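J.:
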Amino acid sequence: MDADVLDAIEAVDWSVVPGRRQPDLRELGVECGPSRQLPYTVWYSPERVADGLRDLAGATSNLQAALAASRLRGGGILHDHSGAVFPAAVVAAPILLDIAEHGHPKARAACLSLLRESLELYPLADYTRIDTISADGVPLCCAIAEHVRTRRDALSAQGPGAKSLLAEAAQHWRFQVDDVVIEHGDVAVFGVLHGAFPDGRQPAEVHDAHRDIGLTDVVLEIPPEYDSPEACLRLIDVPADRVRAGAVLYPAVCGERVH
2 MDADVLDAIE
12 AVDWSVVPGR
22 RQPDLRELGV
32 ECGPSRQLPY
42 TVWYSPERVA
52 DGLRDLAGAT
62 SNLQAALAAS
72 RLRGGGILHD
82 HSGAVFPAAV
92 VAAPILLDIA
102 EHGHPKARAA
112 CLSLLRESLE
122 LYPLADYTRI
132 DTISADGVPL
142 CCAIAEHVRT
152 RRDALSAQGP
162 GAKSLLAEAA
172 QHWRFQVDDV
182 VIEHGDVAVF
192 GVLHGAFPDG
202 RQPAEVHDAH
212 RDIGLTDVVL
222 EIPPEYDSPE
232 ACLRLIDVPA
242 DRVRAGAVLY
252 PAVCGERVH
């Protein structure tokens, strides 16, 4: 078991990560008992995250990896029965990527599957976004995709599961604005594109100075070339003073995802 991975797990206070928690019936003044249960709903369990990640980091068999992954799927980073992903998935993503790179092959496969599900599932209302180093209020899927892209070289050297994860992450693109040019009533922004920008006109969220300043339609004007991430986007019908260097754009469809 990798000591650095264990240190990373223990360094996180999983109890302060946002998520819908199961209330304590005693604190609510409700009489407790075997027949006294709350209606079924989807709860985030900090204990399941920490225990699941520790067990996954030490897994050396299919059974051990499956049991660890079931904890993470059963209220840790997501709830697979209902199809919901939690903010804890973003915090756990670098740890899962470490295990996928350095862990036992059985554990690696489980990590890749968990990361793929975290990108695909929708978050619960009121828990759809998280603050990152790039911007505040980033959709969970986009924040997870950012972590995945930082391990592109390591993942590219692995099998089809890793390549599939990279392809899924590419759909959650991010554009970092370096320069702004006003042209023919539109705003052209030059900067760095991470991920794959779709064809045609796309709705995008614009985050400026860690503040979401709304939606706009965007077209890829100059695509990246020669393995360079530099590109140009044209923002349609946006006031000239609305976007500045340092702004970050994300797909608007990702921000609309709610379970």
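Residue numbers for the sequence shown follow the working numbering, so the first one is 2 and each next one is one higher.
Ideal Cβ positions, reconstructed from N, Cα and C, are used throughout, including at glycine.
Predicted, not measured: the structure shown is a model, and the values here were computed from it.
Near D3, which residues of its chain fall below 6 Å by C-beta distance, leaving aside the five closest residues on each side in sequence?
T.: H103
J.: Three or more C-beta pairs under 8 Å: does that hold for the segment 239-248 against the segment 173-188?
T.: Yes, the segment 239-248 touches the segment 173-188.
J.: Shorter than 7 Å, the distance from the beta carbon of D132 to the closest heavy atom of the ligand GTP, or not?
T.: Ligands in the displayed structure: none, and consequently the ligand GTP is not present.
J.: I need the straight-line Cα distance from R153 to P161, nearest angstrom please.
T.: Rounded to the nearest whole angstrom, the CA to CA distance from R153 to P161 is 13 Å.
J.: How is H80 classed by DSSP in three states: helix, strand or coil?
T.: strand
J.: Which residue from V18, P47, P88 and L97 puts its Cα closest to that of L57?
T.: L97
J.: Any contact of the segment 220-232 with the segment 103-117, i.e. 3+ C-beta pairs under 8 Å?
T.: no
J.: DSSP puts P124 in a beta bridge; with which residues?
T.: Residue pairing by DSSP puts P124 in a beta bridge opposite V86.
J.: In terms of residues, what are the limits of the alpha helix (DSSP H) holding R264?
T.: Residue 264 lies beyond the residue range present for the chain, which begins at 2 and ends at 260; the question has no answer from this structure.
J.: When the distance is taken between beta carbons, is A85 closer than 8 Å to P124?
T.: yes
J.: Alpha carbons only, please: which of E184, A9 and I145 is nearest the one belonging to E88?
T.: The amino acid occupying residue 88 in the given sequence is Pro; Glu does not appear at that position. Proximity to P88 across E184, A9 and I145 peaks at I145, based on C-alpha coordinates.
J.: Examine chain B for any beta-carbon lying closer than 8 Å to the beta-carbon of R152, and answer yes or no.
T.: Although the question refers to chain B, the structure presented lacks it and comprises just one protein chain.
J.: How close, in whole Å, do the beta carbons of R150 and H208 come, if the pair is a contact with beta carbons under 8 Å?
T.: Not really, about 18 Å apart at Cβ, beyond 8 Å.
J.: Are the beta-carbon atoms of I78 and V50 separated by less than 8 Å?
T.: Cβ atoms of I78 and V50: closer than 8 Å.
J.: Taking the alpha helix (DSSP H) that D56 falls in, what are its first and last residues?
T.: P47 to G59
J.: Between Y128 and the rest of its own chain, which residues show a CB-CB distance below 7 Å, the 5 nearest in sequence each way excluded?
T.: P19, G20, R21, F87 and P88
J.: Using the beta-carbon count (16 or more within 10 Å), is P140 buried or exposed?
T.: buried
J.: With respect to the alpha helix (DSSP H) encompassing P161, which residues constitute its N-terminal and C-terminal limits?
T.: In this chain, the alpha helix (DSSP H) harbouring P161 covers P161 to A171.
J.: Under the three-state reduction of DSSP, which class applies to E11: helix, strand or coil?
T.: Correct three-state label for E11: helix.
J.: Contact check, L262 vs V254 under 8 Å by CB: the rounded distance?
T.: The requested residue 262 does not occur in the structure, where the chain is confined to residues 2 to 260.
J.: Given L167, which residues of its chain have a CB within under 6 Å of its CB, disregarding the five upstream and five downstream residues?
T.: L156
J.: Can you give me the C-alpha to C-alpha distance between L216 and R258, rounded to a whole angstrom?
T.: 15 Å
J.: Which residues bound the beta strand (DSSP E) around D209?
T.: Q203 to D209
J.: Please return the same chain residues whose Cβ sits closer than 7 Å to the Cβ of A248, not counting the five positions on each side in sequence.
T.: V178, V207, H208 and D209
J.: Who are the near neighbours of V13 in its chain, counting only those whose CB is closer than 7 Å to its CB and skipping five residues on each side?
T.: Answer for V13: V92, listed in chain order.
J.: Would a C-beta distance cut-off of 8 Å place A90 and S46 closer than the cut-off?
T.: For the 8 Å CB-CB criterion, A90 and S46 do not form a contact.
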